[in-house]
Each structure stands twice: as structure tokens, then as C-alpha cells.
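Please read the structure below before turning to the comments.
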Amino acid sequence: MKKITLILSLIIFIISGCSAYKEISPNPEIKSDENGFIKIKDEKKDFELDKEKKYVIEFPPAKYDNFILEFKSNLKGNSDYFFLGKFEDDKIENPIYDELNDNSEMSGFSINKAKEKYFFVIDKIANNKNLVAEYRYLPNWRFKVEESIKNEKSQLVKNSVDRNEYNNLNYRSEINIINQKLNELQLTIPNLQMISENLAKTETIIPDSMITKKDQVYRDLVLFSSDVEEEFLFQKKNLSLFQAFVQLRKTEGSTEDFLKSASTLLSFLTNKTSIDESVRNEIKAIIARRINGIENYYLKVIQNKKDIKPFNLLTDIKVVFELYTEATGSKSSKLENLVDFFDNWDRKTTSFEEFQIHEKSLNSYLFPKMKWMPNNYYSGASRFMQKMNQTLPEIYNGEFREFEQNSCVINFIEKVSEAKKSSRKIERELKEADILLAQINNLAETNSYEMMLSVLKKHPNLDFMKQHFQFLDEEYLSQKDVQIKNYINRKSWEKAEENIRNLAYFNGFINEMQIKDKHRQILNLNETMIYERIKDFSRTKIDSFVIAHINTNRDVDLLYKNEVFNPPYIFTYSVLGEQTVTKRNENILTYLDQMKYFTFPEKSINLLYDSIIRTSSKNADKAKSIIEHGKMYKGEDKRTKNIIDEFNPNIAKWITKAKDYRKVYVVPVTENHNGKNQYKFRIQLKIPSDAEFPVYEINIKLPEEIAQNASNAKWYDSMKLNNEEILNEGRVQIFAPTSANDYEFKVSPVQMDSEGRNILDVTFTYPKYELFEVSVMAQKPIMRKN
Amino acid sequence: MSKKQIIIIVLILSLASVILFFLFSGNKLKGSVVFPYVGHQKPVVDPHLPDTNPLSDKLDEVVFDGLFNISSNPSGIFYENGLGSFVGINENDVVTIKLKPNVKWASSFKIVEKEGEITIEKSAESYFSAKDVEFSLRRIENLGSLSPDYILVSQALEILGFSGPNENNEIKFQFKSDRIWNESDIKEVLSFKIIPANSEMNALNYQNGTSEYFAVNSNQNVANYIKNPEKTAFIEKLILNPFVDNSTFPTELQSNSINVMLETPFGANSPILEEDGDFFSKSGISTTFFALLFNTEKLNLEQRKAVASLIDNKKIIERFFKVGTQQQRQIANIHNQKNKFSELLNFSIFPSSSYYVEEEIVVPTTNMNETNLSALTNSVIIGVNLNYGFREELNELVEIINSKEISKGKLRAKIISNEQVKNKDYDVILLPFSGYRSNFLFNAYDIFLREPNLETRKINLITENGIILNNSFSSKKNYFGLDFNNPNLDSAELSNLLKYVYGFMSTREIGDKQAYAMRIDKTERNLVLASWLFSLPSRSYFSNQFDEKTINLYGVSSQLSTIEKWKEKTK
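Taken in order, these protein sequences are the chains called A and B. Heads up: the first sequence begins at 0 in numbering that gives the first Met the number 0, then just goes up one per residue. Heads up: the second sequence begins at 0 in numbering that gives the first Met the number 0, then just goes up one per residue.
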């Protein structure tokens with residue numbers, strides 16, 4: 000039993016011993032009345048605080064809401080303490096913010112009447128000490144006003160100046176010191192302004208009832224505000240004075256600088272309360288000396304002005320004029336005139352600038368970004384015209400009086416006059432353009448660019464319109480470009496060239512200079528295109544034609560009459576001149592001619608010939624085709640020429656070696672595929688000989704089918720030597736071909752000479768249309784008896 | 000028999016007589032080819048020598064065969080087998096000819112003409128053989144340049160001979176290897192006429208042949224001809240009809256006294272023959288030219304030049320053919336071109352129709368020197384003989400020359416006899432040269448070396464070892480009086496002329512022939528030996544008795560070589 004009792008006692012002890020905060024109960028007890036500070040005492044003693052312990056003091060709630068519990072203690076800075084609205088189970092939760100969170104001994108906690116209690120909990124103490132503390136309950140506004148006054152007072156102290164020092168300074172004091180003081184003032188004056196403003200704000204939180212009752216704190220505030228105002232005025236006055244000193248000192252020797260400070264100086268002079276009269280008079284005298292003769296400065300400014308803009312003087316001349324009047328005590332009529340001039344000038348030039356802005360707007364309007372404008376577009380420019388008319392200054396004769404001879408004035412009058420004329424002109428032009436635009440728009444519907452350009456060309460005065468419609472130059476060019484290309488694509492060469500020519504000669508462009516490069520470029524491109532197309536077209540056609548007809552062996556003469564051998568078109572014009580026309584035509588024709596006179600006949604001839612040789616063909620058509628090709632051939636290919644010569648009955652076949660038989664083709668000269676045909680062959684001797692009069696006999700072996708009836712009827716139609724019919728009666732003998740002599744006939748003698756005479760021409764008729772071969776041999780003749 | 004019956008019988012007999020007359024009188028030349036000839040110019044047949052009488056050379060073809068005979072068809076000439084046939088030619092140019100067997104000479108037949116009737120009887124048979132060929136070749140060789148055959152054959156054969164015959168009666172000729180010898184050429188070379196080996200080497204007349212016709216001697220010492228019974232000719236007889244001169248030839252043809260006229264007077268178209276359609280005709284190349292040969296013994300060089308410059312052959316020919324008058328004689332050349340008179344004018348020994356002029360090997364000058372009449376102190380006598388052909392033409396020329404326009408009072412043409420000709424009793428003699436060839440074988444001997452005798456043709460060619468001797472030019476033996484002793488002649492030029500004439504006639508080389516032709520022309524012009532007046536056109540007429548299609552004429556001397564093919568028209 001003893002043991003149980005002991006354990007229970009221990010538990011109770013432990014439990015009771017665990018509450019770590021010792022409650023301090025002041026005596027007198029704490030009351031929430033608004034009675035100023037009340038010390039927290041244990042009767043008359045201070046509470047002793049053990050650094051090992053924690054403490055709590057309970058405060059009653061305020062009687063009214065929006066109160067502050069101001070607490071002053073020696074705890075701040077070396078103890079941890081909290082003001083709580085609730086303190087249970089030693090838990091420190093949601094401490095109330097210290098409104099005076101500074102380093103002072105004071106703390107301020109917002110409280111109201113709703114809470115049962117408030118707790119001041121001392122959580123930690125650095126050293127053992129006595130608690131020295133007092134508290135008071137006060138409304139929130141009072142707490143703030145008092146705090147504000149307390150704070151601003153300290154600011155006023157900081158921003159107040161030594162008045163003796165300031166009062167001892169004058170115009171001739173050392174400028175550095177003046178500047179130093181001026182800088183000081185430039186720092187403190189804004190601060191003073193800030194204090195004044197803060198105080199004015201503080202005043203607003205004092206309830207009206209308290210003001211009415213002239214509560215102490217309100218009276219403190221008023222008194223302190225008047226102190227601040229006094230200091231502000233002092234500093235402000237000295238600031239003006241020092242600025243005047245500095246301006247005058249600084250601008251000594253510079254009229255411009257002096258005038259820049261005119262406003263400052265004027266305000267100094269006109270602020271009569273801020274400075275001693277003697278000081279002011281001194282300053283005034285200085286200014287009067289400086290400002291005397293300032294008119295000449297302005298006259299020079301006018302003389303030097305070249306533009307017609309407002310003057311934008313650094314200092315309003317009116318201020319200068321006032322400064323002058325204030326400083327000298329009299330008015331300068333010259334300066335007054337200048338004031339009038341500058342005023343008038345600036346007014347009118349400003350107006351003129353406005354006019355120019357409107358004019359610029361009009362110009363912008365006249366050059367809209369859109370290409371096509373509605374018909375009433377130009378009439379819509381009237382609003383700009385109206386403004387221009389309103390702002391265009393009216394200048395009367397003699398308006399600028401003695402200043403009229405200045406160049407800027409002359410220039411201005413001139414410009415205004417020009418603007419007036421220009422304005423009237425543009426007004427007229429706009430009316431003209433209004434009508435013209437409708438026409439243009441009408442033509443635009445059908446893309447009649449050329450007509451549009453033509454219409455515009457008839458109104459050369461409408462520069463703005465022409466400028467705007469410059470794009471028509473390109474549109475027209477593009478349209479023509481497309482047209483020409485279409486013609487080219489459709490192979491309407493003549494139309495294409497005609498259009499190129501017309502385009503080249505076209506002089507209706509709005510901006511000839513600007514468009515000329517493109518104009519030329521399009522012409523050149525199209526010219527090149529038509530040339531290349533025609534060239535390619537003709538080449539393609541003729542190449543295909545040649546391939547298709549290379550083996551043709553009938554009506555070859557008609558092949559050469561085919562249009563493919565003619566240029567599809569003969570150029571008659573080129574931008575680059577006649578030589579280019581000729582050159583292009585020649586280039587095209589050269590290829591065609593190359594095909595006509597070289598490639599086509601050469602290839603065909605060789606193919607046909609090879610075919611004849613390969614098949615031992617008696618196809619006369621092939622031979623005739625070779626002849627027809629040969630008529631066209633102008634090449635130098637030896638084989639080809641030889642083939643042509645071999646088949647051409649009109650070309651005498653050369654016998655170049657005696658006693659050698661050579662083959663000669665005999666081709667019909669007529670072309671009757673189903674009946675009789677006439678044949679012809681020619682033989683000419685070209686045998687190298689030293690003889691002066693070489694003479695030979697020609698032996699010709701005939702195909703049997705030709706000669707087999709020679710005994711019954713003359714096998715040949717005609718036999719001529721040197722174009723003379725040979726008769727056996729003459730000096731020449733003709734031997735008949737017979738089966739006995741293997742159908743070889745002979746003509747003898749035949750004289751050989753270098754002039755190509757004595758060509759043996761033989762013609763005969765055969766009832767078929769065939770190619771024959773005869774074998775020809777020449778040798779020296781024998782002298783015959785008969 | 001009543002009177003009435005007698006009258007009827009008489010009428011029937013009369014009618015029958017008339018019918019028979021018309022039947023037989025129109026056919027009096029049937030079966031005959033009848034040529035005219037000038038009585039004084041009896042044709043002489045020598046197959047190896049040319050004759051001035053054109054008919055003579057033509058008759059060669061009628062009587063004689065060669066190994067091959069020239070013939071013609073519409074396509075030209077050709078050679079057909081004569082006394083030989085062509086076997087072949089080998090690579091060494093040896094030509095083999097098979098001789099035709101059993102060919103009899105004309106002497107194998109006895110031809111008897113009794114009262115106009117001709118009968119052919121067999122006689123001692125004499126056959127053609129290789130010996131005849133050999134003899135003929137030897138004769139040709141002997142004749143040398145006088146014979147055109149010599150030139151022809153010697154072009155082909157180095158040696159005028161052959162080997163054989165062999166057992167096949169083939170003979171072989173070694174042809175030269177300088178050319179290709181085709182069959183036609185071989186046959187032409189071997190177309191020389193063959194006379195029997197027992198013939199005289201230099202007879203005046205040769206009549207024993209193997210060809211289509213046999214000669215029948217007539218009283219006038221001119222042969223007619225009858226068909227060889229072993230040959231194939233269609234016409235039975237070939238008769239030569241003599242006339243005094245050529246002027247009547249056309250009327251004789253028209254009156255059916257002759258039926259072939261190989262030359263017409265003036266060579267002109269005969270108006271009377273052209274009017275009706277009873278005749279067909281053919282123009283040929285000229286074969287006759289007229290020239291005035293200067294007797295250099297009587298005329299010195301200046302005088303010859305004067306006479307030559309005086310002669311205007313253009314004016315003469317225009318008057319000769321009456322050009323521009325209503326009586327103008329119409330002519331045609333071989334091309335049947337009409338009235339080309341100027342092409343007949345000659346300006347050289349070589350006529351304009353000849354090969355040498357046509358091919359401009361000889362380029363005669365047509366510009367005459369100015370006439371220096373002072374050289375001609377007396378009238379120049381131009382002798383003209385009318386009895387040996389061309390009487391009509393010569394008469395006309397006498398008249399023309401004696402006209403003042405031509406003679407200018409300095410020339411006087413005079414008819415002279417053949418004796419006067421022989422004696423060269425003339426300053427200048429006007430001569431027709433007929434039968435000239437326009438081919439290579441133009442005969443210069445006939446001009447320069449013929450003895451002045453119109454009755455016979457004799458060429459005074461004297462050679463030794465192939466060189467012509469100067470006495471070939473002997474004043475009495477040529478018309479010009481060319482003689483190295485003639486003071487009127489430059490002997491150097493004369494020597495050249497002689498050399499050139501011989502060279503021209505004897506060469507086998509055409510180049511030489513051309514060169515010599517040029518030199519002859521030049522030398523003759525230097526010597527001024529003649530005025531070469533003009534050629535006569537040639538035109539022949541045939542009776543429609545003949546079938547025109549069967550008559551293929553060619554050449555000049557060979558016109559009768561195809562006579563075996565001539566046929567009469569069948570009704």
C-alpha cells in the first residue's frame with residue numbers, strides 16, 4: 000500500500016510539474032482601461048525572472064475593437080516572447096504580430112474585445128533579470144498618429160539645415176559652397192515635402208471627433224506640421240536664391256545659357272516673399288545688365304534661320320521679355336516686336352507645318368496601296384483639301400514688317416505662295432482625275448491596259464495619277480508578254496513578231512525610264528523565245544521529216560518542195576536591228592539548208608545507193624531518187640558526189656583510164672512506170688595524156704535487153720558528140736551492138752580535150768522503167784578506112 | 000471471019016498491047032540497080048587503092064570480100080563474116096580466124112552475055128584459100144601508104160602476115176598488144192579485100208572477086224555486074240549507065256533510065272525529083288571539094304599570094320548556089336539542116352568537114368591578106384577541064400570566076416583539055432577532088448602527088464627504105480609544079496612539105512597524123528599553093544522501086560557494101 004501511494008504521488012508530481020510556464024500575476028492586476036502606461040509590478044517590486052524558466056502574463060481583452068496593447072519592457076532584444084490570443088497546453092500558436100517591430104523597447108499588439116484573454120508568453124530569457132515592463136490600452140488610430148509624429152520628427156531633424164550657414168552665403172560666395180548647399184537642398188527639400196505629405200496623411204486617420212475636441216495628439220500633429228512647413232519654406236527660398244546665383248554665375252559670357260535660365264531667374268525675381276529685397280535687387284541689377292541688348296541676339300537668330308519651321312527657342316521669348324521688364328523695370332519695344340514676330344512666325348509656320356502634314360496626307364492618299372480605286376476615290380480627297388485650305392496660312396502684305404527681308408521670311412512667303420498655287424492646282428487636278436478614274440476603271444474591266452495608258456497619256460498633268468498608275472506599265476508589259484507568248488505557243492509567228500514590233504515601238508508608258516529595262520528585257524526574252532521556238536520547231540520538223548523520208552524513192556523532187564525546208568517564218572524585225580534579223584533568218588535557214596542541201600540528200604543518197612548495190616536492184620525509182628537528191632546536194636562528200644554523178648544522166652561519166660571498163664548506171668529520164676521510157680547516158684574522156692590532141696574510141700557494153708533488137712531497129716534514139724548528132728556519114732563511126740560482139744557498141748574517134756567538149760550523149764527508149772548498167776571503156780582508136 | 004470480028008480482035012490485041020506496054024515499060028529496071036556515070040570517067044576497080052572516081056571505090060564492095068565485110072543495120076555499122084569467121088583472141092593477142100571453105104572465085108564461073116542475055120556457067124573451079132589472104136596482104140604491104148588498107152592493117156599487125164592455116168583451116172594473126180582488141184576492131188582490121196593469089200600485083204582493074212556480084216565486061220570497057228549465084232543478094236543486076244556529064248542525071252532518074260543516083264549536080268536537092276513521091280533521098284557528108292591549085296612554075300610567091308587574096312570563096316559559093324536569088328539551090332547537110340552554105344567553105348587543104356578541122360587540130364585562118372594586084376602583071380589563066388566529071392559545077396565556076404566581081408579583071412578562067420592539063424598549060428587549075436574522106440585517112444597524095452592527068456589516077460610516090468625521095472616532087476608530076484628545082488619555091492619549105500605529106504600518109508600513129516596535118520597545113524600556107532574553095536554537099540536519090548528500109552547507107556566509099564540487102568518493093 001505504501002508503494003502504491005508513493006507511485007501515485009510521483010505521477011501527480013510529474014503531471015503537475017510539467018506545466019513549464021509560470022504565470023506572472025501583476026499587482027495591481029492588469030486592466031484594459033485607456034489610462035496611459037501602467038507598470039507591471041508585484042506590488043511595488045519587479046518580478047524576478049529566472050533564466051531557466053518560462054513565464055506567462057495574462058491580459059484582459061480591450062473594451063472596444065481596434066485597440067492596441069502597447070507593451071514596453073526590457074525583454075526586447077535578449078528574450079524570446081510572444082503575444083498570443085490563445086495559450087493552451089503550453090502551445091505557442093498563432094502569435095499576434097508586433098506592430099512596432101523595431102529595435103525599441105516598445106511592442107504593439109492589435110487586440111479587440113472578442114477574446115477572453117491575451118497571453119504574453121516569455122519563452123526564453125538570456126539572463127536572470129527583473130522584469131521592467133509597463134503597458135497601456137489605446138485605440139489603434141492614436142497609436143498610429145503617435146507613431147507617425149514620432150517618426151517624422153526624426154526625419155525633420157535629419158532634413159533640417161543650419162540656417163546660419165545659409166544666411167551667410169551671397170552672390171559672390173564661393174560657387175562650390177553654393178553648389179554644395181544647392182545640392183543639399185535638392186536632397187532635403189523633397190524629403191521635407193515627403194514629411195509634409197506624410198503628416199497630412201496622418202491627420203486623416205484622426206477621427207473627426209478627436210479633432211473637434213482638439214485631442215492632444217491632434218494638437219501635437221498640428222504643431223509639428225507647422226515646424227516642418229517653416230523649414231520647407233526656408234530651404235525653398237534658399238534653393239531659388241542659390242539657383243539664381245548659380246545660373247547667373249554659370250551663364251556669364253553665354254547669352255544662350257543666360258536665356259536658358261530666364262525662366263528660373265524670372266521666377267526668382269517674381270517670388271518677392273522668398274528672399275530679401277536687397278538680395279533680389281542685386282540679382283535684378285545683374286540680370287538687367289545681362290539682358291540689355293538681347294534684341295540683337297534675336298535679330299541674329301532670325302537672320303540665321305534658313306528653314307521655315309517654328310523657331311523652338313530654348314526659352315520662350317515672352318519669358319525673356321518678362322524677365323527683361325522685371326529686371327530693368329521697363330519694357331523694350333524692340334523686344335516686344337520680336338515677341339510679336341516670333342509669336343506670329345511660330346503660329347503661321349506651325350500652321351504651315353500642319354498644312355504640309357495634310358498635304359502629305361493628301362499625297363499619301365493620292366498614292367494608295369491598292370491598285371484599283373473606286374470611282375469616287377479622288378473626290379474623297381476633298382477632306383484633305385479642306386484641311387489644307389484651313390491650315391494654309393494667310394500672309395498679308397507687310398505682315399512681318401521689319402523682318403520681311405530675312406531669308407527665312409522670304410522663303411516662307413514664297414513657300415506659302417507656292418503651296419497656295421499647288422493647292423489650287425491639285426484641287427483642279429483632282430476634279431480631272433475624278434472623271435479620268437471612272438474611265439480607267441471602266442477600261443480595267445476589260446484589262447485594256449494599252450487604252451488606259453493612252454488615256455493617261457492624254458492627261459500628262461496628272462502626275463499623281465500617272466505615278467499611281469505606273470503599275471500599268473508593267474501590267475501592259477505583262478499582258479503583251481503573255482499575248483506574245485500565246486502567239487508563240489500557238490505558232491502564230493507573224494502575229495507574235497508583229498506584237499513584238501508594236502511593243503518595241505510602244506511609247507505610251509507612264510514612266511519610260513523606269514520601265515525601259517523591263518521593256519527591253521521582255522522584248523529580248525520574247526525575241527529570243529520566238530527565235531528559239533521557230534528554230535526548234537523548224538529543226539524538229541525537218542529532223543522528223545528527214546527520218547521519215549530518208550528511204551523514200553518516189554517523188555523525191557516533191558519532198559524538197561515540202562514546207563519543212565522553208566523557215567516556218569521569216570523574221571522581219573528585231574529590237575537588235577537589221578543585222579540580227581538577217582542573222583536569225585540565216586541561222587534558221589542555215590540549218591534547214593544544211594538539211595536540205597547536205598544532210599538529207601547525203602544520207603538518202605548513200606542509203607539508196609547501198610540498197611541498189613546490195614540488192615543489185617534495177618529499181619529505177621531509187622536511181623531517180625538519187626538524182627533528185629543530187630540536184631539538191633551541195634556538200635563536198637566525195638562518195639556522195641560520186642554517187643550523184645554516177646546516176647545523173649546529165650552528168651558525163653568520166654573515163655579516166657584507158658583500156659579499163661567502168662560501170663555506168665543508165666537511168667530513165669522519163670518516168671513512165673508502165674510503159675516506154677527514155678534513157679540517157681553521157682560519157683566524157685578524162686584520161687591523162689601527153690598528147691596534144693588525145694583521141695580515143697569509146698566502147699560500151701549494153702545489157703542484152705536493150706541491144707537485142709539493134710539489128711532490126713536502131714537501138715538508140717540519138718547519139719551526139721559535142722551536141723552534134725553523130726551519123727555514120729561523118730568522121731565518126733558508130734558500131735552496132737550485136738550478139739556477135741557481146742552487144743558492145745563503139746564510137747570512134749572521140750577527141751578528148753580539157754574544155755569538156757566532145758561529150759558522148761546517148762539516148763534510147765526502152766519499154767520498161769528500169770535501172771540499167773552499161774560498161775564503158777575507152778582506148779586509143781585505130782584509124783579506120785570507112 | 001467477019002469484019003466485025005476482025006475489028007474486035009484488033010481492038011483486043013491493041014488493048015493487050017497497051018496493057019503489056021504499061022506493065023513492062025514501067026518495070027524496065029526491075030531486078031537491076033542502075034547507076035549513072037560520066038562516060039569519060041570509067042570506074043576502075045582496085046580494092047586496095049582509092050580512086051578519084053567515087054564509083055570505083057564503091058564497086059570494091061560489090062565485087063570483093065574481106066575476111067569480114069562491113070555492114071550496117073539501123074543501129075550502126077558492124078562487121079559480118081566474109082571469107083572468115085572470128086574464132087577468138089587469146090591473152091597474147093593472137094587472133095584466130097577460121098577461113099570459110101568452098102568459096103569460089105568469080106573465075107570459077109563463065110559469064111556469057113549474048114544479045115542482052117547473061118548466062119552463068121560453071122568453069123574451072125577456083126577456091127578461096129589462105130594464100131589469097133597472104134597475097135592480098137603482101138600487095139597491101141607493097142602499096143604501103145598509097146593504100147588505106149595498109150594503114151588500117153599495120154595498126155594492128157606488126158608483120159603483115161599470119162600463121163596457118165591449121166587443120167581447121169584457121170589462120171592466126173599476132174595483133175599488137177597496145178590496146179584491147181575487141182571483136183569489132185579485129186574484124187575491121189581484117190576487112191581488107193581479098194583478091195586471088197594469082198592476080199597481078201599491079202593490075203589496072205580487078206574484077207575476080209568472091210562477093211555478091213560478078214563483073215560482066217561490056218563493050219565500053221566498063222563492067223556491069225550480075226549476082227553471084229552462090230550468094231544471097233536480092234537484086235540480080237548492077238548496071239552502070241554512062242552519060243556525057245552529070246547534068247542530066249536527075250532527068251535520067253526521073254525518066255527511069257537509072258534508079259540510083261549517088262551524087263546530084265551541085266550536091267543540091269533536085270527540084271524535079273523532090274516534087275513527086277517516086278524517090279527517096281539521103282544527104283551525106285561532103286566528099287568533093289573544089290580548089291584552085293597554083294602552078295608554081297608560072298606564079299611566084301607574091302603572085303600566088305595575090306591570087307589567093309583575090310579569091311573570095313564566100314562570094315563564089317554564094318553565086319555558085321545562087322544564094323538569095325529565086326534560083327537558089329537548096330542544100331541539106333547530113334543532119335538535114337538546110338542551106339548551111341558557109342559550113343562548106345574551106346580554108347585549108349583539110350576541108351572544113353574533115354576530122355582535122357572539126358577537132359581544131361588544124362585551125363585554118365580565114366583572114367585574107369590584102370590583095371597586092373601589082374604582083375599580077377598579066378591576067379592569071381585558070382584552066383578548067385570539063386570532061387572528067389562535074390561539068391555542070393565547073394561551068395558555073397568558070398562563069399563565076401570570070402565575073403568582074405570575082406576576077407577583078409585579073410583572073411580569067413579558061414576551058415582546057417586534058418592534054419593542056421598534062422602540060423600544065425595554066426597558071427592556076429580548077430579541080431574537083433572527089434571521094435575525099437573526112438576521117439583520119441584523108442588522102443594528101445591525091446592533092447600533092449597525083450600526076451596532072453584527069454584520065455588516070457597516078458600517084459608519084461617514090462620511096463626508098465621507108466623514106467620519101469625528093470623526086471616525088473617533080474614538076475611534071477603534080478598539078479602545082481612542085482619541084483626542088485623550081486625557083487619559085489622555097490626548097491626548105493618544099494622539103495618539109497614532102498616529108499610531112501609522106502609522114503601524114505604513112506604513119507600508123509594518130510598523134511603523128513595530127514601533128515603532120517598541122518604541119519602540112521602550115522607549110523602549104525607558107526608556100527601558098529592553092530585556094531581551097533569549098534566542098535560540095537552530098538545527096539543521093541533512090542527510086543521508090545527499092546524498099547527504103549533495106550538500104551542502110553553509111554560512110555562514103557562503102558555505100559554499096561550492103562547492096563546484097565537491098566530489096567525491091569513488093570506490090
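We treat Cβ as the ideally placed atom computed from N, Cα and C, and that holds for glycine.
Look up residue i in the DSSP assignment and say whether it is helix, strand or coil.
i	result
B/W104	coil
B/Q40	coil
B/Y499	helix
A/K304	coil
B/A202	coil
B/L19	Residue confidence is low: B/L19 scores 48 on pLDDT, short of 50, so the model does not pin down where it sits. Its coordinate-derived value is still stated next. Helix, per DSSP.
A/K62	coil
Distance, Cα to Cα, residue i vs residue j?
i	j	result
A/L198	A/R218	12 angstroms
A/N291	A/Q302	20 angstroms
B/E418	A/M782	37 angstroms
A/N129	A/V227	41 angstroms
A/S24	A/E146	29 angstroms
B/N495	B/S74	43 angstroms
B/E229	A/T764	39 angstroms
A/A735	A/V773	15 angstroms
A/M450	A/N405	51 angstroms
Along chain B, in chain order, which residues have C-beta atoms closer than 8 angstroms to that of residue i?
i	result
A/N711	N72 and P73
I want to see whether chain B comes within less than 8 angstroms of residue i, judged by CB atoms only; does it?
i	result
A/Y742	no
A/F570	no
A/T655	no
A/V694	yes
A/P687	no
A/K745	yes
A/N722	no
Can a CB atom of chain A be found closer than 8 angstroms to the CB of residue i?
i	result
B/P431	no
B/K103	no
B/I509	yes
B/E187	yes
Listing by chain order, which chain B residues have their CB less than 9 angstroms from the CB of residue i?
i	result
A/L726	G283, I284, I333, H334 and Y553
A/P736	S74, G75 and F77
Please list, in chain order, the chain B residues whose beta carbon lies closer than 7 angstroms to that of residue i.
i	result
A/Y765	None at all; the shortest Cβ gap to chain B is about 14 angstroms.
Closer than 9 angstroms by beta-carbon distance: list the chain A residues that pair up with residue i, in chain order.
i	result
B/L481	None at all; the shortest Cβ gap to chain A is about 26 angstroms.
B/D148	K784
B/I550	Residues of chain A passing the Cβ test: none, with the nearest at roughly 13 angstroms.
List the residues of chain A that residue i touches, going by C-beta distances under 8 angstroms, in chain order.
i	result
B/Y354	R730 and P748
Checklist entry - If we count Cβ pairs, one from each stretch, closer than 8 angstroms, do we get three or more for the stretch 460-468 of chain A versus the stretch 484-492 of chain A? => result no
Next on the checklist: Taking contact to mean 3 or more Cβ pairs, one atom from each stretch, closer than 8 angstroms, check whether the stretch 277-292 of chain A and the stretch 313-329 of chain A are in contact.
Outcome noted: yes
Item to check | the stretch 171-184 of chain B touching the stretch 734-742 of chain A, judged by at least three CB pairs closer than 8 angstroms | outcome: yes
Item to check | Cβ pair count under 8 angstroms reaching 3, the stretch 64-81 of chain B against the stretch 189-200 of chain B | outcome: yes
Checklist entry - Touch check for the stretch 542-559 of chain A and the stretch 497-511 of chain A: three-plus C-beta pairs under 8 angstroms? => result no
Checklist entry - With contact counted as at least three CB pairs below 8 angstroms, one residue from each stretch, are the stretch 368-377 of chain B and the stretch 297-316 of chain B in contact? => result yes
Checklist entry - Is there contact between the stretch 374-394 of chain A and the stretch 346-360 of chain A, where contact requires at least three CB pairs shorter than 8 angstroms? => result yes
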